[in-house]
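For the record, the sequence lines run as chains P and Y. Letter 73 of the first sequence, counting from 1, is numbered 73 in my numbering, and no numbers are missing. Letter 21 of the second sequence, counting from 1, is numbered 162 in my numbering, and no numbers are missing. Ideal Cβ placement from N, Cα and C applies to all residues, glycine included. This structure is a prediction, so every number in the text was calculated from the model and none was measured.
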Amino acid sequence: MTEAAPDIPGARSPRRGHRSATAAVLVVGGGALAAATWIGGDHALAIGLVAFYALAAMIAYVWSGRDSDVAAIMRVSGDERQRALDRDATALSGLAMGTAAIIGAIVTSARDHGNIGGYGVICFVGGATYAVALIILRRRR
Amino acid sequence: MSSILVIVKNRVRELRTASGLSQADLGTALGVSRQTINSIETGRYLPSLPLALAIARSFAATVEDIFVDDQEGQP
Chain P
1 MTEAAPDIPG ARSPRRGHRS ATAAVLVVGG GALAAATWIG GDHALAIGLV AFYALAAMIA
61 YVWSGRDSDV AAIMRVSGDE RQRALDRDAT ALSGLAMGTA AIIGAIVTSA RDHGNIGGYG
121 VICFVGGATY AVALIILRRR R
Chain Y
142 MSSILVIVKN RVRELRTASG LSQADLGTAL GVSRQTINSI ETGRYLPSLP LALAIARSFA
202 ATVEDIFVDD QEGQP
């Protein structure tokens with residue numbers, strides 16, 4: 001066995017990363033949603049959202065300290081396999097969201113005389129991002 | 142046209158236990174998680190070439206010594 005860890009391009013210590021990463025996303029996202037709800041006039045719901053996201057952030061912080069694949073991904077860290085898991089899960093999530101957006105656009109179009117509304121914007125952003133990503137990524141590999 | 146799909150088996154578990162290392166020890170030495178070492182040993186995950194080279198180097202062996210084509214020799 002070697003005396004020291006070999007150099008592996010892209011390798012990271014399995015316990016590195018930021019334990020508060022996912023909690024921070026929940027706090028910022030939940031805070032923005034709560035603020036918008038408050039501005040919208042529903043103060044009770046806004047307070048409820050703050051409580052919900054604060055609890056979720058606490059759970060995420062505790063969970064991120066564990067020795068597991070999910071915790072490593074929550075810390076925005078992990079090794080090559082864990083990053084591949086994260087990438088594949090993100091791709092599947094994007095596929096589900098894209099499918100939902102396309103179905104939403106079709107249903108909205110049928111109901112609203114050809115106007116696809118917000119679903120159309122989501123479809124455009126998704127499609128354009130995919131095309132641009134393909135152009136950029138194929139040059140790097 | 143013949144398929145290039147091969148089933149790769151490995152000797153990581155055999156070499157690790159012979160070295161008296163735990164999965165966590167080997168993972169730490171290689172900069173990967175204990176779970177990833179387990180996935181490699183059970184054949185659920187094929188490591189990247191740099192990681193395969195690092196595994197081989199850590200056991201003072203070649204990649205071919207550790208990762209073998211399961212169908213080698215078969216018609």
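Original post:
I think Val-173 (chain Y) touches Asp-79 (chain P), with their Cβ atoms under 8 Å apart; what is that distance to the nearest whole Å?
Top reply: Contact flag correct, Cβ pair sits at about 4 Å.
**OP:** Compare the beta carbon distance of Asp-210 (chain Y) and Val-147 (chain Y) with 8 Å and say whether it is the shorter of the two.
**Re:** A contact, by the Cβ cut-off of 8 Å.
Subject >> Below-8 Å beta-carbon distance, Ser-189 (chain Y) vs any chain P residue >> reply: Closer than 8 Å: yes.
Subject >> Members of the segment 61 to 91 of chain P that neighbour chain Y once the beta carbon cut-off is set at 9 Å >> reply: Residues Asp-67, Ser-68, Asp-69, Ala-72, Gly-78, Asp-79, Glu-80, Arg-81, Gln-82 and Ala-84.
Subject >> Val-76 (chain P) vs Ala-21 (chain P) beta-carbon contact at 8 Å >> reply: It is a contact, given that the beta carbons lie within the stated cut-off.
Original post:
When burial is assigned at 16 or more other CB atoms within 10 Å of the CB, is Asn-151 (chain Y) buried or exposed?
Top reply: By the 10 Å Cβ count, Asn-151 (chain Y) comes out buried.
Subject >> Asp-123 (chain Y) - DSSP class collapsed to helix/strand/coil >> reply: Not covered by the structure: residue 123 (chain Y). The range shown for chain Y is 142 to 216.
Subject >> Separation of Ala-32 (chain P) from Gln-212 (chain Y), as counted between CA atoms >> reply: Near 56 Å, if we compare the C-alpha coordinates of Ala-32 (chain P) and Gln-212 (chain Y).
Subject >> Three-state class that DSSP yields for Val-173 (chain Y) in the structure shown >> reply: DSSP places Val-173 (chain Y) outside both helix and strand once states are collapsed to three, so it counts as coil.
Original post:
Is the shortest distance between the beta-carbon of Ser-163 (chain Y) and the beta-carbons of chain P less than 8 Å?
Top reply: So, not an interface residue.
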